[in-house]
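Working notes, structure below.
Residue numbers (our numbering): 1 to 292.
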């Protein structure tokens, strides 16, 4: 019989696998407009979210007394996911995943500038280590004039907005309501691109669009369950398995082989993120997933 911590870790690994499959699916759909893929991700992804609403709240599940904070979370989340989708179709999978690990670095900076939090030498050192890692990954792209490497970094910036808003919202709002408004806004933004030319998908592409929506929401649900069942210190490190999945999928589907400098940079970013995580765990702050 597995303990709760062991089950929580398994749910965390399953969540990471689902995120990796969603990333690969989005990359595979690069022949369709980004807005169309965005719409499908959140249109079909709404179904699992709505299934989480308790029966007792069917008539009031959408009501909130914090619309401004929901709007901030939804806007920052939508902009982050758009940047992620653009990066996935224009960059090697492992490079995108490696750079998105830098999210906690920008959360730390956001906490300093917007929440006036005091940050000690350990977290400042972690931020510096993380930036060095990111620059190592981006340098080859700079030499090749590949502007798309800026999008995962912009993703991390908007992720900081997501993380800071969720820290506040989670004290009063259930997870499904936080996800609901984010999903609705992202879906509407994707729908607004319809006049700019959507493409009729093939049968397989239509399957991938549905799959992207369901697997994306499943990933977030599994992550939520894992964090409820196990200690965050056990679950959080499992997210770095995403790089292993990215390397595997990138190689076998697209023949991508990550550069040594990418792996070294990813290592520094992971060290940086773990230093920040361990410090914030000691300070008992809420853990927020990079994809929430």
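The C-beta atom is built at its ideal place from N, Cα and C for all residues, glycine as well.
- Taken in chain order, the unbroken stretches of alpha helix (DSSP H) that lie wholly in the stretch 114-144 and span 4 residues or more are 121-144.
- The alpha-carbon of residue 188 is positioned some 20 angstroms away from that of residue 215.
- Counting every other CB atom within 10 Å of its CB across the protein chains shown gives residue 228 a total below 16, marking it as exposed.
- Judged by their CB atoms, residue 154 and residue 166 are not nearer to each other than the 8 angstroms cut-off.
- Taking the Cα of residue 207 as reference, the smallest distance to any Cα among 113, 100 and 26 is reached at 26.
- Rounded to whole angstroms, the gap between the alpha carbons of residue 2 and residue 225 is 15 angstroms.
- CA-to-CA, the gap between residue 161 and residue 261 works out to about 29 angstroms.
- Residue 14 is positioned such that its CB atom lies no closer than 8 angstroms to that of residue 185.
- No residue range can be given for residue 63, since it is assigned to no alpha helix (DSSP H) and is classified by DSSP as neither H nor E.
- Residue 231 and residue 8 have their C-alpha atoms spaced approximately 8 angstroms apart.
- For residue 282, the three-state secondary structure derived from DSSP is helix.
- With contacts defined as CB atoms closer than 8 angstroms, residue 93 and residue 255 fail to qualify as a contacting pair.
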